[in-house]
Amino acid sequence: MSTPDILASVDALLAEKDALDCRLDEALHAFATYEEQMNHLWHKADGDERLRLIAERAQVEETLGIAAIVERLDQIRALLAHLRSV
């Protein structure tokens with residue numbers, strides 16, 4: 001890979017990382033807001049309702065894409081480290 005190609009790849013990855021960092025911040029804020037509301041319900045819920053809330057919480061996290069964003073950020077960090085070592 002030539003130096004211009006490496007620099008272009010680094011720039012593209014940094015741009016993607018910045019965009020994903022913003023998306024992650026937004027998703028974590030939305031999840032924290034959801035958690036505050038859920039905590040009120042949790043304290044009033046019985047066993048069956050708590051199971052439903054746990055499933056709902058997992059679905060909200062999946063919908064927000066938090067795990068996928070973090071996974072991609074990890075991939076980008078690894079790629080950047082590799083490209084910078086070349």
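Each step along the sequence shown adds one to the number in the UniProt record's numbering, with nothing skipped, and position 34 is 34. Ideal Cβ placement from N, Cα and C applies to all residues, glycine included.
Where residue i sits in the DSSP three-state scheme
i	result
Ala45	coil
Val86	coil
Ser2	coil
Selection from the options that minimises the alpha carbon distance to residue i
i	options	result
Asp25	Ala15, Thr3, Gly65	Gly65
Leu79	Asp5, Pro4, Ser9, Thr3	Ser9
Nearest-angstrom beta carbon gap, residue j and residue i [assumed within contact, 8 Å]
i	j	result
Val70	Tyr34	The pair is not a contact, with the Cβ atoms about 17 Å apart (cut-off 8 Å).
(request) State whether the region 14–26 contacts the region 52–59, with contact taken as three or more CB pairs (one from each stretch) at a distance under 8 Å. (result) Not touching, per the Cβ criterion.
(message) Assess contact between the region 6–16 and the region 70–83, defined as three or more Cβ pairs (one per stretch) separated by less than 8 Å. Is contact present?
(response) Taking a contact to require three or more Cβ pairs closer than 8 Å, the region 6–16 and the region 70–83 qualify as touching.
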